[in-house]
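Heads up: the structure comes next, in structure tokens.
2 protein chains.
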Amino acid sequence: MTTTTSKIRSFNRFYTAHLDILSQHYLDSEYSLTEIRILYEMSESKTITAQKITEILNLDKGYLSRILKRFLKENLIEKVTSSEDKRAFNIKLTNSGNELLSILNTKSENKIEGKIEKLNPSEKEILVDSMNTVRNLLTENKIAREDITYRHEITPGDIGYIIHLHGAIYGKEYNFSTDFEKYVIKTFYDFLEKYSPENDRIWMAEYNNKIVGCVAIVHQPNEEAQLRWFLLDPAFRGLGIGKRLLTDAIDFCKEKEFKNVFLLTTSMQDKALQMYKMMGFELTKSEEVEEWGKTFYEERYDLRLIG
Amino acid sequence: MTTTTSKIRSFNRFYTAHLDILSQHYLDSEYSLTEIRILYEMSESKTITAQKITEILNLDKGYLSRILKRFLKENLIEKVTSSEDKRAFNIKLTNSGNELLSILNTKSENKIEGKIEKLNPSEKEILVDSMNTVRNLLTENKIAREDITYRHEITPGDIGYIIHLHGAIYGKEYNFSTDFEKYVIKTFYDFLEKYSPENDRIWMAEYNNKIVGCVAIVHQPNEEAQLRWFLLDPAFRGLGIGKRLLTDAIDFCKEKEFKNVFLLTTSMQDKALQMYKMMGFELTKSEEVEEWGKTFYEERYDLRLIG
DNA sequence: AAAATTAGTTGCTTTTGTCAACTAGTTATA
DNA sequence: TATAACTAGTTGACAAAAGCAACTAATTTT
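First to last, the protein sequences are chains A and B. Note that the UniProt record's numbering has the first sequence beginning at 1, numbered continuously upward. Note that the UniProt record's numbering has the second sequence beginning at 1, numbered continuously upward.
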């Protein structure tokens, strides 16, 4: 057995104790954790059947039936016979049910607040980030498309992080040395020197407040523009992020009425290449080069925008 | 209520479901989670009293007494009257008790193994690291000094990340604009251009494989050296990381027999300044400047190494 | 030396959860 | 289209889990 699993077990034991969910009464209320979870499930899905609840929470239907009976008597829920299936009921929370839940939520949040009050804001940030990481890694579906956000204003730290991503990802995927990162640093310095908010733009895709993908448009003479720094963290590929970034970039070029967009890439970047072609880019130049400890073809792709 | 707490609540709900601790029988054994926790507590501390267990696990002593009675009957534990206190018993696991626990451990590890089998080794590492971070932050002792690691070989992604840290931290702490980051990029480009592994070095302090602090020594003409890019993530201050980095840097200068180390800083960086003075640096120059949207004093500090 | 406190046991009770038999409506099948 | 098989939910009977209070015997405090 690896040490990874034993470390996880150790964390599980810690977190079981931390959650403090083993006492019968949830947050000193007159309800048990099971009852609260039932109420919570109802609030999550607006309307739900008893059957569904037994599936989600893994409860005995007889047991649940009795709990629901009590909830009904206490006016926490409403039951309406389902129109599709007259055996079943659509259950939903009443106002007082929702009220109870919101009181408990507040209590729970206060309790959490108490546990993290000694942390400073950046420690809190680290905590939440780490929790998200744990959750993402343990979830089947991994990353949800809706959790990706997009923006294009440069804030302090962005450029450095994008340079970091270039160095780290190309280092890992293609074994590029740190010389490549140095080259990226140079390109970004030049970009920032000539940066014009009017005609240049960087788009960033973020997950958990961390940049996971980017692309940029850099204006060039003669109504041309260069597409640069198209990059996607390998863990975030196949989610449509690349397409979204490229579309935004090309739309920007159209809006600014650039007549031609070009990009320089290498024959190695097969995944990115595929996307460029999909967006309409065509190969216009190919040249063998030796750099960052590798031999490859440096290629130019062009996309004409206005006939 | 901040979003931090609601994010934590969300994680708690997720992890409660993930742990799957709400079913009566732990891992299909004939024992409940409470019983297993009791056995576990006994295995952790070799020998323990019932009183101690009730304190740790928050159990009713009558309830525990009966569980222990059953354990005794099943030959899982041994009770020996304490020599210090004749009311109490020292309880410990028998061989078959230990055996039971080790079977359950294996089962539990298999279950965990199943949940993480799709992760690659680096993802597993990230998972364990993040769990440690969560645990450390939720435990009194916060970040453990032992979890900080130090290194000084530059790997792809490092420089970009250090630039990022400069931009993000100075942006947050002193409201520096992205122009500052651009300046940092320039300094790093120049550094890499002239980089000599013999006479230049960057030290990095890491936590969970993320850089949280750094410092560098850059060789200069006339047997001088410049100390640059001394930076510490605010969440990691006060742990002795800064002192360690500066000591390593100065030791390196001594080893290379540089006669003088200097550094340029601003009057704003009070925390870093304090550390410089502690290491023996003395103010040699001060000049008012206006940059990155701020007015401040640019100062030079020197440390003579050889008389 | 008496009073107060503590470790652990036991009887009694409530709460929580399980199982199986049942009703009534739905779906599959031939 | 009638019947068999199945499903949503209810109910009775019961077992397991947990809590409370009174008790014994040893220890500590005053």
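Backbone N, C-alpha and C define an ideal beta-carbon position, used for all residues, glycine too. It should be emphasised that the depicted structure is a prediction, and the values quoted were computed from it without experimental measurement.
Note to self: Could you give the first and the last residue of the continuous beta strand (DSSP E) run that contains N260/A?
What the structure shows: Counted from its first residue, the first sequence places residue 260/A at position 260. Its beta strand (DSSP E) spans residues 260-266.
Next item on the list: Label V215/B either buried or exposed according to how many other C-beta atoms from any shown protein chain fall within 10 Å of its C-beta, with 16 as the threshold for buried.
Entry: Taking the second sequence and counting its residues from 1, one reaches residue 215/B at position 215. Its Cβ being crowded by 16 or more others within 10 Å, V215/B is buried.
Open item on the list: Using DSSP's beta-bridge definition, name the partner residues of A205/B.
Closed with: Residue numbering aside, residue 205/B sits at position 205 when the second sequence is read from its first letter. DSSP lists Y150/B, G213/B as the bridge partner or partners of A205/B.
- Would a check of beta-carbon distances place N8/B closer than 8 angstroms to chain A? Counted from its first residue, the second sequence places residue 8/B at position 8. Just to set this straight, residue 8/B is Ile in the shown sequence, not Asn. I8/B counts as touching chain A.
Taking C-beta to C-beta, are L227/B and L192/B nearer than 8 angstroms?
Looking up residue 227/B in the second sequence gives position 227. Looking up residue 192/B in the second sequence gives position 192. Remark: C-beta atoms of L227/B and L192/B do not approach each other more closely than 8 angstroms.
On a Cα-Cα basis, can you pick out the residue from G97/A, E223/A, A17/A, S83/A that is closest to I56/B? Locating residue 56/B in the second sequence gives position 56, where the first residue counts as 1. Proximity to I56/B across G97/A, E223/A, A17/A, S83/A peaks at A17/A, based on C-alpha coordinates.
* Just the Cα atoms here: how many angstroms apart are E212/B and D233/B? -> In the second sequence, residue 212/B corresponds to position 212, counting from 1. In the second sequence, residue 233/B corresponds to position 233, counting from 1. Looking at the sequence itself, residue 212/B is Val, so the reference to Glu does not match. Cα to Cα, the separation comes out at about 5 angstroms.
Legend entry - Residues near D179/B by beta carbon distance below 7 angstroms, same chain, minus five either side: Reading the second sequence from its first residue, position 179 is the one you call residue 179/B. Excluding residues up to 5 positions away in sequence, W292 lie with their Cβ nearer than 7 angstroms to the Cβ of D179/B in the same chain.
Q) Do you know offhand how far A249/B's Cα is from L239/A's? A) The residue you call residue 249/B lines up with position 249 of the second sequence. The residue you call residue 239/A lines up with position 239 of the first sequence. If you take the alpha carbons of A249/B and L239/A, they lie about 44 angstroms apart.
Item to complete: State the Cα-Cα distance for the pair T47/B and I91/B, rounded to the nearest angstrom.
Response: Residue numbering aside, residue 47/B sits at position 47 when the second sequence is read from its first letter. Residue numbering aside, residue 91/B sits at position 91 when the second sequence is read from its first letter. Rounded to the nearest angstrom, the two C-alpha atoms are 5 angstroms apart.
*asked:* For N98/B, tell me which candidate among I159/B, F258/B, T4/B, I36/B has the shortest Cα-Cα distance.
replied: Taking the second sequence and counting its residues from 1, the one referred to as residue 98/B is at position 98. Taking each of I159/B, F258/B, T4/B, I36/B in turn and checking the Cα distance to N98/B, the smallest one comes out for I36/B.
At a CB distance below 8 angstroms, what residues from the segment 63-87 of chain B approach chain A? Give them in sequence order. Residues: none.
(Q) Against chain A, does Y26/B count as a neighbour if the rule is that its beta carbon must be under 8 angstroms from one of theirs? (A) By 1-based counting over the second sequence, the position of residue 26/B is 26. Not flagged as an interface residue toward chain A: Y26/B, since no C-beta distance is shorter than 8 angstroms.
- prompt: What are the residues that DSSP puts in a beta bridge with residue 327/B?
  reply: Only positions 1 to 307 of chain B appear in the structure, and residue 327/B is not among them; the question remains open.
On a CA-only basis, which of F252/B, E123/B, Y150/B, N260/B is nearest L137/A? Give me that one, please.
Numbered from its first residue, the first sequence carries residue 137/A at position 137. The residue with the shortest Cα to Cα distance from L137/A is E123/B.
- Helix, strand or coil for Q51/B, going by three-state DSSP, please let me know. Within the second sequence, numbered from 1, the residue matching residue 51/B stands at position 51. In the three-state scheme derived from DSSP, where H, G and I count as helix and E and B as strand, Q51/B is classed as helix.
* **As assigned by DSSP and simplified to three states, the class of T284/A** => As a working mapping, residue 284/A is identified with position 284 in the first sequence. Annotated three-state conformation of T284/A is strand, per DSSP.
Counting beta carbon pairs with one atom in the segment 95-114 of chain B and one in the segment 57-66 of chain B, are three or more of them shorter than 8 angstroms? Contact annotation: the segment 57-66 of chain B does not touch the segment 95-114 of chain B, with fewer than three C-beta pairs closer than 8 angstroms.
_If you reduce the DSSP assignment to three classes, tell me which class M1/B lands in._
Reading the second sequence from its first residue, position 1 is the one you call residue 1/B. Residue confidence for M1/B is low, a pLDDT of 49 falling below 50, so the modelled location carries little weight and cannot support an answer.
Please classify A168/B: does DSSP put it in a helix, a strand, or coil? Taking the second sequence and counting its residues from 1, the one referred to as residue 168/B is at position 168. In this structure, A168/B counts as helix in the three-state DSSP scheme.
* Asked: Going by the beta-carbon positions, is the gap between N260/B and E299/B smaller than 8 angstroms?
  -> Indexing the second sequence from 1 puts residue 260/B at position 260. Indexing the second sequence from 1 puts residue 299/B at position 299. Cβ distance not < 8 angstroms, so N260/B and E299/B don't count as in contact.
Could you compute how far the alpha carbon of N132/A sits from the alpha carbon of F89/B?
Taking the first residue of the first sequence as 1, we reach residue 132/A at position 132. Taking the first residue of the second sequence as 1, we reach residue 89/B at position 89. Rounded to the nearest angstrom, the two C-alpha atoms are 44 angstroms apart.
Quick check on S130/A: buried or exposed, where buried means 16 or more other Cβ atoms within 10 Å of its Cβ? Counting from 1 along the first sequence, the entry for residue 130/A is found at position 130. Buried is the call here.
Selected residue, minimal CA-CA separation from V218/B, among G167/B, F230/B, N209/B
In the second sequence, counting from the first residue as 1, residue 218/B sits at position 218. Minimum Cα-Cα distance from V218/B among the listed residues G167/B, F230/B, N209/B corresponds to F230/B.
- [ ] Measure the alpha-carbon distance for K7/A versus Y15/B and round it to whole angstroms.
- [x] By one-based count along the first sequence, residue 7/A stands at place 7. By one-based count along the second sequence, residue 15/B stands at place 15. Approximately 16 angstroms, taken between the alpha carbons.
Inter-residue Cα distance where the pair is T3/A and M275/A:
For the purposes of this step, residue 3/A is taken as the residue at position 3 of the first sequence. For the purposes of this step, residue 275/A is taken as the residue at position 275 of the first sequence. Distance between the alpha carbons of T3/A and M275/A: 40 angstroms.
- prompt: Looking at F252/A and L305/A, is the spacing between their C-beta atoms short of 8 angstroms?
  reply: As a first step, residue 305/A must be located in the first sequence, where it is residue number 305. As a first step, residue 252/A must be located in the first sequence, where it is residue number 252. No, the Cβ-Cβ distance between L305/A and F252/A is not below 8 angstroms.
Got a sec: is the Cβ-Cβ distance from Y230/A to anything in chain B below 8 angstroms?
In the first sequence, counting from the first residue as 1, residue 230/A sits at position 230. One point to set straight first is that residue 230/A is Phe, not Tyr, in the sequence displayed. It does not: the Cβ of F230/A has no partner Cβ on chain B nearer than 8 angstroms.
Using a C-beta to C-beta distance shorter than 8 angstroms, which residues of chain B count as neighbours of H152/A? Against the first sequence, residue 152/A aligns to sequence position 152. Near H152/A there are no residues of chain B at all, since even the closest Cβ is about 13 angstroms away, more than 8 angstroms.
A225/A, enclosing beta strand (DSSP E) - first and last residue: The residue given as residue 225/A occupies position 225 in the first sequence. A225/A -> beta strand (DSSP E) spans 224-232.
Worksheet item: Can you list the alpha helix (DSSP H) stretches of 4 or more residues lying completely in the UniProt domain "HTH marR-type" (1-136) of chain A, in chain order?
Response: For the UniProt domain "HTH marR-type" (1-136) of chain A, whole alpha helix (DSSP H) runs of length 4 or above, ordered along the chain, are 3-19, 33-44, 50-57, 61-73, 95-116.
Q. Would you call the CB atoms of I148/B and E206/B closer than 8 angstroms?
A. Within the second sequence, numbered from 1, the residue matching residue 148/B stands at position 148. Within the second sequence, numbered from 1, the residue matching residue 206/B stands at position 206. For I148/B and E206/B, yes; Cβs fall inside 8 angstroms.
Query - Proximity winner among H152/B, R151/B, K182/B, E153/B, relative to L165/B (alpha-carbon distances) - result: Residue numbering aside, residue 165/B sits at position 165 when the second sequence is read from its first letter. Looking at the Cα atoms, K182/B is the closest of the given residues.
Quiz item: Thinking C-alpha only, which one of Q269/A, Y174/A, K294/A is nearest Y301/A?
Solution: The residue you call residue 301/A lines up with position 301 of the first sequence. Nearest C-alpha to Y301/A: Q269/A.
Check your understanding: Under the three-state reduction of DSSP, which class applies to Q269/B: helix, strand or coil?
Key -> Position 269 of the second sequence holds residue 269/B. Residue state, collapsed to three classes: coil.
Q) Which residue comes first and which comes last in the beta strand (DSSP E) that contains T295/B? A) Counting from 1 along the second sequence, the entry for residue 295/B is found at position 295. Residues 294-304.
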